[in-house]
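Working notes for the structure below.
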Amino acid sequence: MTTSALLSPKSKLRQTIGSVLLYLAIIFVTLVTIFPVYWMIVATLQPNKYTLHYPPPLFPQEIIFSQFGELFGRHPVANWLKNSFLIAAMSMLLCTLLTVMGAYALSSLRWRGRSLFGLFLLVTQMLPEVLVLIPLYIMYSRLELLNQLPTLAVVDVAFALPVCIWILKGVFDSVPTEVLDAALVDGCSELSTAWRIVLPLSTPGLVAVAVVAFFAGWNEYLYASIMLGSTELMPASVGLTTLKGLSGVQVEQYMAAGLVFSILPVLFYLSMQRYIISGLTAGAVKG
Amino acid sequence: MRDIADGRADNSTLVKPRMKVAMGIKHRRSNLLPYLLVLPILLYEGVFIISPIVQGIYGSFTSLELASNKPQVWVGLANYARMFDDPEFWQSLKVTLIFTSLVIIIALGAGLLTALLFNRPFRFRPAARALLMIPWAFPEVPVVMIFIWILNPQFGVINVLARLIPGVNENPQWLQVPELAMAWVVLIASWKAFPFYSLVMLAALQSVSQELYDAAKVDGANTFQLFRNITMPGIATTLELLVVLASIFSLKQFSIIFLMTGGGPVGATETIVMRIYNAAFRFYDYSYAAAMGVAGFLISLIIAIVFIILQARRAKEYA
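Listed in order, the protein sequences are those of chains B and S. Residue numbering for the first sequence is 1 to 287, as defined by the numbering used here. Residue numbering for the second sequence is 288 to 606, as defined by the numbering used here.
Quick look at the structure:
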């Protein structure tokens, strides 16, 4: 405020124009970013006589909620969501357990091969899923492990684990070494230091890992589409893509299904974004 | 949280005598502990990632038909010879290069611009930032559902914009024209990815010292000079890392392309990853798919090594 009072009228005008441009740019960016999501919500909420019209109205003309009931009543969406939930919950439990072990070894312990282990995780994190898919599919079909939810969850964990370990390593790193040293001096072993000091101080990081592992299973499409053939076991990510081909599915039901599927990952990812980003960049960048 | 930690600490004083005994053998145990912790992870990744890759490499030298009961026969370099003579393989490498470069340019460009915008203070910044991250948090399958609807040739809202362009008198077949289909998979992948890059760059921008800007302003530097001589050098290492990360992420990209176009029309969006998938699961050509998989593996390994080198350099800079 005080600086602008000192400025000449001309530079004051320039400042005003600058801030107007800034706000215009921000509005433009935000619109481009969220318009597709807004459009999905509009297509969900209004009766399809408005949606199936060209040019489509930009704002919902009338709001209905019956599509949700019809969607769940006529299509096995509840079963898909249940399958997704089971895969996700199993991935979460297994992945969190392994992540705690790996992150503690990578962050708090000194041992030969530590940086090699870090590199190993980094490289596995960077391999395209498709490369592993074919041999794994052949192995699974020979061992008759296809068409089971737990064997799919186990694969999802393999791909989520490196990112999760990087996330939790970053969190463990931020526990002050004085605290660890004090615990060791007090006679805690390394394992009990982990259990009594590091883990309780890292609760947000643990939550972030659980979120990433859960939604890795929830969102995953490629492996689920190949490894689960039966419609009974179909998770929602795969189910959604079949919905369009089913007869009698209205646009608003289809979009409602997409929205129901997305709401949990969006909420949880947004609340944990800081941790997830530091994990995705393998600790190179703290988000 | 602190309460829990304190409570546990109180507990530990109760069991102290036992701990002291444990300390006597601590030295020997602590040498083993990290290996015990890491071993299950190595086994796990070994079984589900490394061994399939090794099997894939082996499979690329054989001929394998899953449906028939023929045994797997060693065919040497036959699959590779076929690959080098296959114009569709080279085409898929070209498509991968185009897709990856365009996503890097557009997603990182948009990420940098929004990071610069969001680096300025303005009203509602926290709310706008949360909205900005939504595409990144959205699962891929529903993202594809939205865009297929937006691009619908009959009712899609994008046609309203397209019709504003002079000369466009009917709704384009967005995903049937090769160039348009490529443009859209690039745009959608970029739309989904740019918030992530933007947030990372924002963190880098905020770590550039404000004093440098103030000093340069006193010396009469204009906005462009500030950007070129202070901002860019300040975030250069982060940008480098992001270029490598973006190439890895777009090389891995499967679901968006698969569900939008399946690699079509006529192979226009068939990246190497899509080509491998189609060879294996549409044409049941496993051994050939495995050979292309080895090519894909080498490409991602090279990028991963570049990432590791950059990161090591960065770590040195900060040390």
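Here a beta-carbon is modelled for each residue, glycine too, at the ideal position from N, C-alpha and C. Quick caveat, the model's predicted, so the values are computed rather than measured.
Taking the Cα of B:Tyr275 as reference, the smallest distance to any Cα among B:Ala78, B:Lys82, B:Cys164 is reached at B:Cys164. Here S:Thr349 is bridged, per DSSP, to S:Trp361. The three-state reading of DSSP puts B:Pro265 in helix, counting H, G and I together. Judged by pairs of C-beta atoms under 8 Å, the segment 190 to 203 of chain B does not touch the segment 240 to 247 of chain B, as fewer than three such pairs exist. Here S:Val325 is near B:Ala105, since their CB atoms are less than 7 Å apart. Shortest Cα-Cα distance from S:Pro520 to any of S:Ile392, S:Met488, S:Phe425 involves S:Met488. Going by C-alpha positions, S:Asn439 is about 8 Å away from S:Trp461. For S:Tyr575, no CB of chain B lies under 7 Å from its own CB, so it is not counted at the interface with that chain. Scanning chain B for C-beta atoms nearer than 9 Å to the C-beta of S:Glu332 yields Phe120, Leu121, Thr124, Ala158, Leu161, Pro162, reported in chain order. Using a CB distance cut-off of 7 Å, S:Ala591 counts as an interface residue toward chain B. Among the residues of chain B, those whose CB is under 8 Å from the CB of S:Ser542 are Tyr221, Leu222, following chain order. Residues of the segment 423 to 436 of chain S that bring their beta carbon within less than 9 Å of a beta carbon in chain B comprise Trp423, Ala424, Phe425, Pro426, Glu427, Val428, Pro429, Val430, Val431, Met432, Ile433, Phe434, Ile435, Trp436, in sequence order.
Distance from the Cα of S:Ile437 is smallest, within the candidate group S:Leu474, S:Tyr575, S:Thr383, for S:Leu474. Under the 7 Å criterion on CB atoms, B:Ala25 is classed as interfacial with respect to chain S.
For the set B:Val29, B:Arg74, B:Phe85, the Cα lying nearest the Cα of B:Ala216 is the one of B:Phe85. Taking C-beta atoms as the reference points, S:Gln441 and S:Gly554 fail to come closer than 7 Å. Rounded to whole angstroms, the Cβ separation of S:Arg369 and S:Tyr575 is 6 Å, and the two are in contact under 8 Å. Scanning its chain for C-beta atoms nearer than 7 Å, with the 5 sequence neighbours on each side dropped, one finds around S:Ile340 the residues Phe584, in chain order. In this chain, B:Met272 is not harboured by any alpha helix (DSSP H), its DSSP state being neither H nor E. The C-beta of B:Lys10 has fewer than 16 other C-beta atoms within 10 Å across all chains shown, which makes the residue exposed.
Look at the segment 45 to 57 of chain B: the residues with a C-beta under 9 Å from a C-beta of chain S are Thr51, Leu52, His53, Tyr54, Pro55, Pro56. Taking 7 Å as the threshold, the shortest C-beta distance from S:Ala415 to chain B falls below it. Neighbourhood of S:Ser587 in chain B, by CB distance below 7 Å: Met126, Leu127, Pro128, in chain order.
Of the other Cβ atoms in all chains shown, fewer than 16 fall within 10 Å of the Cβ of S:Gly507; this residue is therefore exposed. Residues of chain B whose Cβ lies closer than 7 Å to the Cβ of S:Tyr564 are, in chain order, Val130. In summary, S:Asn509 is exposed, with fewer than 16 beta-carbon neighbours lying within 10 Å of its beta-carbon over all protein chains present.
Under the DSSP assignment, S:Thr401 falls in the alpha helix (DSSP H) whose first and last residues are 374 to 405. Neighbours of S:Gln441 in chain B, taken as residues whose beta carbon is under 9 Å from its own, are Leu52, Tyr54 in chain order.
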